[in-house]
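First up is the structure itself, then whatever we jot down about it.
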Amino acid sequence: MEPEQPVADLGQAALDFLRVDGQEVSFADGEIVVRRGDAGASFYVVMAGAVEVVLQSDEGQRLPLARLGPGTSFGEMSVLTHQPTSADVVSHGPSTVLVYPAHLLREAIERSSEVRNHILTKLINDLRRTTVDVWLFSQRSRALGGLISRTAHTGPIVAESPCMQHTAKRLREFADLAEHLLITGDHGTGKLFAARTVHEAGSRPTSPFIAADCLHLPPGEAKRVLFGTVNGNGDRGEGRKAGLQLMGAVHLAHGGTLVLQHVEGLEPEAQETLLHYLEGSLADQASRCSTRVIATTSGSLTELARDGRFLSTLASRLESRSLGIPRLRDRKRDILPLARLFLTERCQRAGGTDKQFSLSAEQAIVSVQYRHRNVAELRETVESAAFFAEDDQIRAEHIFSGPKDQTDFAEYDVTRTTVVDRLLTGPALVLGRIATFLGLMSVAVICLVEGSTPAGKLANTIGWAVWWPSLLVAFLIAGRIWCTVCPFSATGRAVSRIFCLRLVPPNWLRRNSGWLVALMFVVFIWTEKVLDMTANPAAAGTFLLALMAVVVVSSVIFDREVWCRYLCPLGGLAAGFSVAAALHLRARPEICGAKCTTHSCLKGSDRGTGCPVFHHPVYAREGHYCKLCLDCLSTCPHGATGVYLRPPLWSIWGLNDVEGGLVPCVLVVFFLALVMLASQRPGFISTPPGFTVAVALAIGSAAFMRRRLPTWLSGETEPDPAILARVSICLLVLAWGPLMAFHLEHVPGLALLRLGLDPAALPARILPLTELSVMRLLQILVVAVGAFAAALALWRTRVAFLRRGRPPMTLGWRLVQCVFVGYLVVALTLICRR
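Be aware that the sequence shown starts at 0, since it is given in numbering that gives the first Met the number 0, and climbs by one per residue.
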C-alpha cells in the first residue's frame with residue numbers, strides 16, 4: 000500500500016530531496032525505531048502512522064513523553080552534535096519512517112535550501128520552546144512528584160486504634176473495586192500513603208503510580224500537565240499537521256494510578272476536563288487511558304462548590320465514592336507504634352547505632368496533639384529527636400514539635416546593627432553580668448549584715464522599690480531580658496563548670512514544670528508576706544542567699560540549667576510575659592533547613608555549649624522558654640539566630656502555635672496578683688492565716704479555669720492547648736497592672752505625695768476631693784495600661800481564631816469577658832478604697 004503523504008512544513012521539495020538517498024522503513028507496533036544511547040546514525044521523518052518518544056525506567060517500565068505523527072522529523076540534534084540519543088523512539092501501531100543517513104545530512108543542508116530552512120526553523124522553534132519550558136519543566140516535575148519507584152512500597156498500615164482499623168478495612172475494599180476515589184483528611188494525615196496503599200493492594204500493584212500536587216501546577220498549565228497537548232500549544236483542535244502530541248500525567252500513569260493531591264486547587268478548565276475524563280466523555284486519546292484517578296483534599300468540596308470555588312458536578316462525582324482518614328489525635332493508640340516505626344526507618348537510613356525512646360520521651364510524644372501536620376509532624380518530630388540525641392537513648396528534652404517560626408509580620412533583627420551585635424556577643428555582656436552579680440550580692444550581704452542600720456534599710460528598699468518594679472516593666476517590654484544578666488543563673492553555670500554530676504532531669508519535673516514554677520512563685524510571695532521582708536532586711540538578705548544556694552545545688556546535680564528551665568519563679572513569670580513582649584530570639588528556618596546539619600545551638604560545639612534550657616530557637620511555639628543567654632548567637636556557625644523586635648503583643652495572636660506548659664503558672668499569677676493587692680489593706684487577708692487561705696483559693700481558681708476553660712472556649716473534648724495559652728497570656732497582661740500597683744506601694748515617700756485641686760476646676764467639681772494621691776493615680780494608670788493592652792490582645796486573638804476558621808464558643812468567650820471586667824473592677828476597688 001502506498002503510504003500517505005505527510006502533511007508538514009517540511010515542504011515537498013525538501014521531502015523529494017531526502018527521498019533520493021533516504022530509505023522508507025516500515026515498523027510494526029512496539030518496534031524500536033531509535034534506541035536510547037545510540038549514536039546519531041540517521042535523520043528521520045515520519046511518513047505514515049505515528050511513533051512515541053519513550054523513557055524506560057530502571058525497572059523496565061516505559062514512560063511515553065510525546066507522540067509524533069506524519070510529517071514530524073527527529074534525530075537532527077544527535078546527528079549535528081554527535082551526542083547519543085536521550086530517549087527511545089517506538090512505533091505506535093504500524094508506521095513508516097524515512098531514514099536519512101547521518102553522513103549525508105550536512106551535505107543535504109548545504110545543497111538544499113528547503114532542507115536547510117526546515118532544520119534551521121525547527122532548531123529555532125525548539126530553542127524558543129526550551130527557554131519557555133525549562134521553567135515549566137521544573138514546575139511540572141515538582142507538580143507530578145515524579146514517578147514513584149515500584150520498589151518503594153508503603154509498608155504496613157499502623158492500625159492499633161479502632162478508627163484506623165475501620166479505615167484500613169475500607170482501604171482494602173476500595174482496592175478491590177478499582178474505581179475512582181476521593182480521600183479526605185486534615186493536612187499530614189497520610190492521604191497519599193492511603194492512595195498508594197489502595198494502589199498496591201489492587202490488581203495491578205506494579206503499574207505506574209504518579210502523584211500530582213494541584214496546588215503546585217503552573218498557572219494555566221494544569222490541563223496541559225495532566226491531560227497532555229497536541230503540538231505543545233494546549234489546543235487539541237489545532238496543530239495536528241505537525242502531529243506532535245505531548246503526553247500528560249494521565250498517559251504516564253496508563254494502567255496504574257494518578258493521584259491528584261489537593262484537588263480543590265485545580266483550575267476551572269482542568270476541573271471540567273477531569274469531570275469529562277471520569278465520565279469517559281473525552282473526545283481524544285486521554286479518554287482511552289485506563290488510569291485510575293484518586294483525588295485528595297483537606298476540606299469539603301461541597302462547601303467549596305457552594306461558594307463557587309469548585310465545579311459542583313465534579314464535587315458530587317468525587318464525593319460519591321470517598322474515604323476519610325482520621326486525625327492523629329483521634330487515633331492516639333497509633334502514636335507510639337508509628338513513632339517507633341519512624342525511628343526504626345530513620346536508624347536504618349542513617350546506618351548507625353539503633354536508638355530507643357526512653358519512657359520520658361514516649362510520654363512526651365504521646366502528650367503532643369500534632370494539630371498542624373498530623374502524621375507528617377510526628378515523623379519530623381521523631382527524626383529530629385533522633386538527630387538531637389547524642390547517645391542511643393532519646394529523652395523528653397529531645398522532643399520538639401509544632402511549626403517553625405515563619406512570621407508574616409514586620410520585625411527587625413537588632414543583631415544586624417554592628418554596635419548591638421558587639422554588645423550582645425562581646426565583653427560588654429560579660430561585664431554586665433559581673434556588675435549585676437556584684438550589685439545583687441552587695442544588696443543581699445548588706446541586708447543580712449547591716450539590716451538594722453540605714454545602709455541595710457536602703458539596700459532593702461532598692462530591692463523592693465526599684466528592682467521589682469523595674470523587672471515587671473522589663474518583662475512586659477523585653478520578656479526575659481533579666482535572664483540575660485541573672486546573677487543566680489551565672490553563679491550556677493560557673494559552679495557547674497567546676498563540678499557537675501550531669502544527671503538527666505527526671506520526667507516528672509518536665510511534665511509538671513508549669514505547676515512547679517507556680518508553686519515556687521507562691522512560696523516566694525508567701526515567704527515575703529509572712530516574714531514581712533519589705534520591712535525586714537535581714538530576712539530579705541537571707542532569702543536571696545538561700546535562693547542562690549538552691550540554684551547552685553541544682554546546677555551541680557543536673558545537666559544544663561534545670562532551675563531556669565523548670566523551677567525558677569522569676570523565669571516563669573518572665574516567660575509568660577515574653578510571649579507579649581517585643582523582644583524575641585529566634586532562628587531563621589530557611590537557613591537552618593538549607594545549611595545546618597549539626598544543630599550546634601541545641602547540642603553545642605567547639606564554639607560554645609548547647610542551649611542551657613533545652614530549647615531549639617527555630618521552634619517558635621516554645622520561644623518563651625528561651626532565657627536570652629545569647630549563647631547561640633556565637634555557637635551557630637551559619638548566623639541563623641538573631642534577636643528581633645516585633646510589635647508588642649503581636650506574638651499572642653500572630654504565632655501559628657503557642658506552647659501551653661506555663662499556663663498553670665500564668666493563671667496562678669493572674670489570681671495571686673489580686674490577693675497581693677488585697678493583702679496591703681487592713682483586714683483578714685493581710686494576716687498570715689488569711690493570706691494563706693486567699694493564696695489557696697487563688698491556686699484552686701487557677702486549677703479550675705485551666706481544666707474547664709479550654710472546653711468552654713473550643714467546644715471540644717480534647718481542645719487545642721494553644722487556645723488556653725493565648726487567652727491566659729492576655730489575662731497575664733491584665734494582671735500586670737495589679738502587680739505593678741502592689742510594688743508601687745513599696746516606693747518610699749510616694750504615698751505622701753499629693754496633688755492639690757483647684758475648687759473651681761472641673762475635676763474638683765466632679766469629684767468631692769480637694770487633693771489626689773500621686774500613688775493612687777500611678778496605680779490606676781498602670782492598671783489602665785494593662786487593661787488596655789489585655790483588651791487589645793483579647794480582641795485580636797478572637798479575630799485570629801475567626802480567620803483560622805476556629806471561632807471560640809460564645810459561652811467560653813462571654814465567660815472570659817466577664818472575668819476580665821470583674822477582675823478590673825476588683826483591682827480598681829482595692830486601689831481606690833484605701
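Glycine is no exception: its CB is placed at the ideal position from the N, C-alpha and C atoms.
query	result
For Q392, name the three-state secondary structure that DSSP assigns.	strand
Assign W794 to one of three DSSP states: helix, strand, or coil.	helix
Pair every Cβ in the segment 506-519 with every Cβ in the segment 650-664, then say whether three or more of these pairs are closer than 8 Å.	yes
Using the rule of at least 16 other Cβ atoms within 10 Å of the residue's Cβ for burial, across every protein chain shown, is A593 buried or exposed?	exposed
For L777 and chain C, any beta-carbon pair shorter than 8 Å?	The structure shown contains no chain C; it holds only a single protein chain.
Beta-carbon separation of A672 and L730 under 8 Å?	no
Within its chain, find whatever has a CB closer than 6 Å to the CB of R559; leave out the 5 residues flanking it on each side and keep chain order.	P611
Please list the segments of the alpha helix (DSSP H) lying wholly inside the segment 675-713, counting only runs of 4 or more residues, in order along the chain.	687-713
Please go through the segment 249-318 and give each complete beta strand (DSSP E) segment of 3 or more residues, from N-terminal end onward.	256-260, 291-296
Would you call the segment 694-713 in contact with the segment 800-819, where contact means no fewer than 3 C-beta pairs closer than 8 Å?	yes
Which residue or residues does DSSP assign as beta-bridge partners of L771?	L754
State the DSSP-derived secondary structure class of A38, mapped to helix, strand or coil.	coil
With DSSP as the reference, identify every bridge partner of K403, one or two as the case may be.	Y618
Could you give the distance in angstroms between the alpha-carbon of M739 and the alpha-carbon of P453?	26 Å
Which residues in the same chain as G92 place their Cβ atom closer than 7 Å to its Cβ, once the five residues preceding and following it in sequence are excluded?	D28, G48, A49
Pick from F576, P720, L422: whose alpha carbon is nearest that of G736?	F576
In three-state DSSP terms, what is S112?	helix
Please report how far the alpha carbon of A786 lies from the alpha carbon of L823, in whole angstroms.	7 Å
Just to confirm my understanding: we take E382, look at its own chain, exclude 5 residues before and 5 after, and list those with CB closer than 6 Å. What are they?	R345
For V561, I'd like the list of residues in its chain whose CB is within less than 6 Å of its CB, leaving aside the five on either flank, ordered along the chain.	P504, S553
Spatial neighbours of L500 within its chain, please: CB distance less than 8 Å, with the 5 preceding and 5 following residues excluded, ordered by chain position.	V555, I556, F557
Which of the three DSSP states, helix, strand or coil, is assigned to E51?	strand
Alpha carbon to alpha carbon, how far is L423 from T417? Give it in angstroms, no decimals.	10 Å
Mark R171 as exposed unless 16 or more other C-beta atoms lie within 10 angstroms of its C-beta, in which case mark it buried.	exposed
Please classify G736: does DSSP put it in a helix, a strand, or coil?	helix
Only counting the same chain, and skipping five residues up and downstream in sequence, which positions put a Cβ closer than 6 Å to that of P468?	H742
Taking V94 and V33 to be in contact with their CB atoms under 8 Å, please state how far apart those CB atoms are, rounded to whole angstroms.	First, the amino acid is wrong: residue 94 is Ser here, not Val. S94 to V33, Cβ: 13 Å. No contact.
What's the call for K446, buried or exposed, on a 16-neighbour Cβ count within 10 Å?	Note that residue 446 is Cys in the sequence shown, not Lys. Buried, since its Cβ has 16 or more Cβ neighbours within 10 Å.
Could you spell out where the beta strand (DSSP E) holding E178 opens and where it closes?	Unbroken run through E178: none, as it is neither H nor E.
Can you grab the Cα-Cα spacing for the pair D175 / S202, in whole Å?	7 Å
On the CB-based measure, 16 or more other CB atoms within 10 Å of its CB, does S599 come out buried or exposed?	buried
Mind checking whether G478 and A580 have CB atoms under 8 Å apart?	yes
First and last residue of the beta strand (DSSP E) that includes T22?	The amino acid at residue 22 is misidentified as Thr; the sequence shows Gln. That run of the beta strand (DSSP E) goes 22-26.
Looking at W466: is its Cβ nearer than 8 Å to the Cβ of L569?	no
Leaving out the 5 sequence neighbours to the left and right, which residues in its chain are closer than 7 Å to G438 when beta-carbon positions are compared?	none
Which one or two residues does DSSP pair with H583 in a beta bridge?	Y643
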